[in-house]
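Colleague: Right, I'll just put the structure down here and ask away after.
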């Protein structure tokens, strides 16, 4: 019988939790040296080694953070095709909802799809900090703020793993750029590491215990992350109490024996037996204690046992169209709750069903920009087009369409702009869909700037001049109505937002910037990342961190002194006590994010820009 919910399965979670370390150690004791060494590397791009004589079948791992990309072949980038799955809004989008519970729900759904597709570990979420707005992989990361990123990481991990599927938080650590990511040496002092680049990892580990952590390609202060004893053993396992498996990013290993000593249990993908032989030889020569290998092998086997328990529990619970329909509805909800209304001059939005003739302009209407690229790209089982969704939303079907530009083509085309201007002039309102092209925001490279393509800039200026009732909708991986990369149901969410069925309530989780250059690997800015830079330098962004408009209004007020009295000397009491009342007073339902400033006595004198505690209110 098909399940009708993605809530945690108590039976399944119980079986997984029953896969004890003692059972794994008992199995490892029955393995030969060669077999133990073989467990420390993959069998292929996506599968771990199998040891048939003990009934150990290598689990399957899969990208990506916002949808299951179950490859049908052995290609790392999906060149062989991948199984259809739900493409949820990217991490950059989800975090703008400021609702960690939403991230947990998406995680639960992804866990169900992993089980249905035979995937044991989902390689995500990416929890690196958005140090620079031009990072090619910003769409996969939650925020520039460590607290917000940590809240979402912990909730996402908890959601996926509630279904008996593992996660792999990545890329550990200080991996904040794609250009030269395999060779750079990230120079950063320990305080900045602990206050900016590590808290999101720490929150996920200490609160949700991910099954795996993925180390990064880069060096950290001169040492490869895959050979970094302090990072992996002292900090991750020692201070934070990480109990799971530590694996490499694909090919991120330099010296396999040094990596094993530094806590790297699993090398991915396969080394074709080369590094297995080196490990065995190091044990025989005495260069590597066999106990170190045994501990690594036991962590790998523990993953096998958890995976087998989840598969056995799921065997009679196959799901198909019903699950996809449920998840499509969740993707639509997530996209609507994460969109950010940046401007609403003259209260043009929402348009309303009786808004008259509407001109929809932009090639994204028929070829939507809804996800990132590279290893996270999902083969969506469904894809809603804005043209179809908005045509259904406009009363009487009074919608005209003009392309305005061709997605993926940089050439200027005045004829397309003229066609769009004519459509807008004859309408009562115009909606322009724009955003950074996918080829500029691919994960393998950084962008050179944040400007829109010239054709889009010229199009927006011309249409706005011809039609003052003009709405611009942006689809970007890293930044009017900003929908970011809103997933396969983003078009339906867009129609909901534009015509008032949903109320914009998102707030930017990163500060838009006009920085024209890539960031150097040395963290000379220290703690002043993102909004901290603007605050300390006295720079006023056009749209600051946390800015977001709504169709409705809210009233806030402080509690009376007797109601809000707390022991200021107790940080725990201060954080738990309510500081204000909140009441929606507008004409429609909506959401708002209320923040409580951290008491000044708990904030370091040189860390005066710490983000306040925030909570999404309904």
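In UniProt numbering, the protein residues as written are 1 to 618.
Glycine included, C-beta positions come from ideal geometry on N, C-alpha and C.
What are the start and end residues of the beta strand (DSSP E) that includes residue 172?
Modeller: In the chain shown, counting from the first residue as 1, residue 172 sits at position 172. 166-172 is the span of the beta strand (DSSP E), which, as asked, contains residue 172.
Colleague: Would DSSP call residue 224 helix, strand or coil?
Modeller: Here residue 224 refers to the residue found at position 224 when the chain shown is read from its first residue. Strand.
Colleague: Going straight from the alpha carbon of residue 90 to that of residue 61, what length do you get?
Modeller: Taking the chain shown and counting its residues from 1, one reaches residue 90 at position 90. Taking the chain shown and counting its residues from 1, one reaches residue 61 at position 61. Answer to the nearest angstrom: the Cα atoms are 19 Å apart.
Colleague: Compare the Cα-Cα distances from residue 118 to each of 399, 70, 430 and report the closest residue.
Modeller: If you number the chain shown from 1, residue 118 lands on position 118. Residue 70 is the option with its Cα nearest to residue 118.
Colleague: From residue 124 to residue 67, what distance separates their C-alpha atoms?
Modeller: Here residue 124 refers to the residue found at position 124 of the chain shown. Here residue 67 refers to the residue found at position 67 of the chain shown. Cα-Cα distance, rounded: 10 Å.
Colleague: Pick out whichever of 39, 232, 82, 34 has its Cα sitting closest to the Cα of residue 675.
Modeller: Outside the shown range of the chain, which is 1 to 618, sits residue 675, and nothing can be said about it.
Colleague: Is it true that the CB of residue 88 sits closer than 8 Å to the CB of residue 389?
Modeller: Sequence index remark: in the chain shown, residue 389 carries index 389 (1-based). Sequence index remark: in the chain shown, residue 88 carries index 88 (1-based). No, the Cβ-Cβ distance between residue 389 and residue 88 is not below 8 Å.
Colleague: Kindly indicate which three-state DSSP category residue 470 falls into: helix, strand or coil?
Modeller: Locating residue 470 in the chain shown gives position 470, counting from the first residue. Residue state, collapsed to three classes: strand.
Colleague: At the level of alpha carbons, what is the spacing between residue 431 and residue 472?
Modeller: Counting from 1 along the chain shown, the entry for residue 431 is found at position 431. Counting from 1 along the chain shown, the entry for residue 472 is found at position 472. Roughly 6 Å between the two C-alpha positions.
Colleague: Determine the burial state of residue 20: buried for a count of at least 16 other Cβ atoms within 10 Å of its Cβ, exposed for fewer.
Modeller: Mapped onto the chain shown, residue 20 falls at position 20. So residue 20 counts as exposed.
Colleague: With distance defined between alpha-carbon atoms, name the residue in 274, 272, 209 nearest to residue 244.
Modeller: Taking the first residue of the chain shown as position 1, residue 244 is located at position 244. Nearest option by C-alpha distance: 209.
Colleague: According to DSSP, is residue 618 part of a helix, a strand, or is it coil?
Modeller: Within the chain shown, the letter at position 618 stands for residue 618. Here residue 618 scores only 48 on pLDDT, less than 50, and its place in the model should not be relied on; the value that follows carries that caveat. Correct three-state label for residue 618: coil.
Colleague: From 246, 128, 401, 535, pick the residue whose C-alpha is nearest to that of residue 296; which is it?
Modeller: On the chain shown, position 296 is the one that residue 296 refers to. The residue with the shortest Cα to Cα distance from residue 296 is 246.
Colleague: Can you list, in chain order, the residues of its chain whose CB lies under 8 Å from that of residue 419, leaving out five sequence neighbours each side?
Modeller: Here residue 419 corresponds to residue number 419 of the chain shown, with the count starting at 1. Counting only Cβ-Cβ distances below 8 Å, and skipping sequence neighbours, we find 402, 403, 404.
Colleague: Could you tell me how far apart the beta carbons of residue 463 and residue 39 are, in whole angstroms, since I believe they sit closer than 8 Å?
Modeller: Taking the chain shown and counting its residues from 1, the one referred to as residue 463 is at position 463. Taking the chain shown and counting its residues from 1, the one referred to as residue 39 is at position 39. Residue 463 to residue 39, Cβ: 60 Å. No contact.
Colleague: Nearest-angstrom Cα distance between residue 433 and residue 499?
Modeller: What you label residue 433 is simply residue 433 of the chain shown in a count that begins at 1. What you label residue 499 is simply residue 499 of the chain shown in a count that begins at 1. Taking the straight line from one Cα to the other gives about 15 Å.
Colleague: Could you spell out where the beta strand (DSSP E) holding residue 429 opens and where it closes?
Modeller: For the purposes of this step, residue 429 is identified with residue 429 of the chain shown, where counting begins at 1. Segment 429-434, the beta strand (DSSP E) holding residue 429.
Colleague: For residue 60, which beta-bridge partners are listed by DSSP?
Modeller: Here the question's residue 60 lines up with position 60 in the chain shown. In the DSSP output, where bridge partners are listed per residue, residue 60 has 47.
Colleague: Report the CB separation of residue 194 from residue 154 in whole angstroms; it is logged as a contact under 8 Å.
Modeller: In the chain shown, counting from the first residue as 1, residue 194 sits at position 194. In the chain shown, counting from the first residue as 1, residue 154 sits at position 154. With 8 Å as the limit, residue 194 and residue 154 do not qualify as a contact, their Cβ atoms being about 17 Å apart.
Colleague: Below 8 Å on the Cβ atoms is my contact criterion, and I expect residue 188 with residue 174 to pass it. Report the Cβ-Cβ distance as a whole number of Å.
Modeller: As a first step, residue 188 must be located in the chain shown, where it is residue number 188. As a first step, residue 174 must be located in the chain shown, where it is residue number 174. Contact flag correct, Cβ pair sits at about 6 Å.
Colleague: Determine the DSSP secondary structure at residue 186, reduced to helix, strand or coil.
Modeller: Along the chain shown, one-based indexing puts residue 186 at 186. Strand at residue 186.
Colleague: What does a CB cutoff of less than 6 Å around residue 182 pick up in its chain, not counting 5 residues either side in sequence?
Modeller: Along the chain shown, read from residue 1 onward, the residue named residue 182 stands at position 182. 217.
Colleague: With distance defined between alpha-carbon atoms, name the residue in 168, 201, 99, 356 nearest to residue 391.
Modeller: The residue you call residue 391 lines up with position 391 of the chain shown. Measuring from the Cα of residue 391, the nearest candidate turns out to be 356.
Colleague: Tell me, please, which residues DSSP counts as bridged to residue 359.
Modeller: Translated into the one-based positions of the chain shown, residue 359 becomes position 359. Note: residue 359 sits in a beta bridge opposite 400, 430.
Colleague: Considering only the alpha carbon of each residue, which of 407, 142, 273, 179 lies closest to residue 197?
Modeller: Here residue 197 refers to the residue found at position 197 when the chain shown is read from its first residue. Of the candidates 407, 142, 273, 179, the one whose C-alpha sits nearest the C-alpha of residue 197 is 142.
Colleague: Going by DSSP, what residue range makes up the alpha helix (DSSP H) through residue 115?
Modeller: Position 115 of the chain shown, counted from the first residue, corresponds to residue 115. From DSSP, the alpha helix (DSSP H) with residue 115 extends over 100-116.
Colleague: In whole angstroms, what is the alpha-carbon distance linking residue 310 and residue 461?
Modeller: In the chain shown, counting from the first residue as 1, residue 310 sits at position 310. In the chain shown, counting from the first residue as 1, residue 461 sits at position 461. Approximately 55 Å, taken between the alpha carbons.
Colleague: Just to confirm before moving on: does the CB-CB distance between residue 219 and residue 185 stay below 8 Å?
Modeller: Translated into positions along the chain shown, residue 219 becomes position 219. Translated into positions along the chain shown, residue 185 becomes position 185. Against a cut-off of 8 Å, the Cβ pair of residue 185 and residue 219 comes out as a contact.
Colleague: Give me the Cα-Cα distance between residue 2 and residue 72, rounded to the nearest whole angstrom.
Modeller: Residue mapping note: residue 2 aligns to position 2 of the chain shown, counting from 1. Residue mapping note: residue 72 aligns to position 72 of the chain shown, counting from 1. Annotation note: pLDDT 35 at residue 2 (below 50); position unreliable, coordinate value reported separately. Each residue's alpha carbon lies about 24 Å from the other.
Colleague: For residue 380, which beta-bridge partners are listed by DSSP?
Modeller: Taking the first residue of the chain shown as 1, we reach residue 380 at position 380. Answer is 85.
Colleague: To the nearest angstrom, how far is it from the Cα of residue 411 to the Cα of residue 344?
Modeller: As a working note, residue 411 is residue 411 in the chain shown. As a working note, residue 344 is residue 344 in the chain shown. Near 31 Å, if we compare the C-alpha coordinates of residue 344 and residue 411.
Colleague: Is it the case that the Cβ atoms of residue 162 and residue 111 are separated by a distance below 8 Å?
Modeller: Walking along the chain shown from the start, residue 162 turns up at place 162. Walking along the chain shown from the start, residue 111 turns up at place 111. Cβ atoms of residue 162 and residue 111: closer than 8 Å.
Colleague: Considering just the uninterrupted stretch of the alpha helix (DSSP H) at residue 157, what are its terminal residues?
Modeller: For the purposes of this step, residue 157 is taken as residue 157 along the chain shown, with counting starting at 1. Start and end: 146-161.
Colleague: Please return the same chain residues whose Cβ sits closer than 6 Å to the Cβ of residue 37, not counting the five positions on each side in sequence.
Modeller: Locating residue 37 in the chain shown gives position 37, counting from the first residue. Same-chain partners within the cutoff: 276, 279, 280.
Colleague: Let's test the definition: count the other Cβ atoms within 10 Å of the Cβ of residue 191 and tell me whether it reaches 16, buried, or not, exposed.
Modeller: Here residue 191 is taken as the residue at index 191 of the chain shown, counted from 1. Residue 191 should be labelled exposed.
Colleague: Per the DSSP calculation, residue 267 is bridged to which residue(s)?
Modeller: Translated into the one-based positions of the chain shown, residue 267 becomes position 267. Paired residues: 41.
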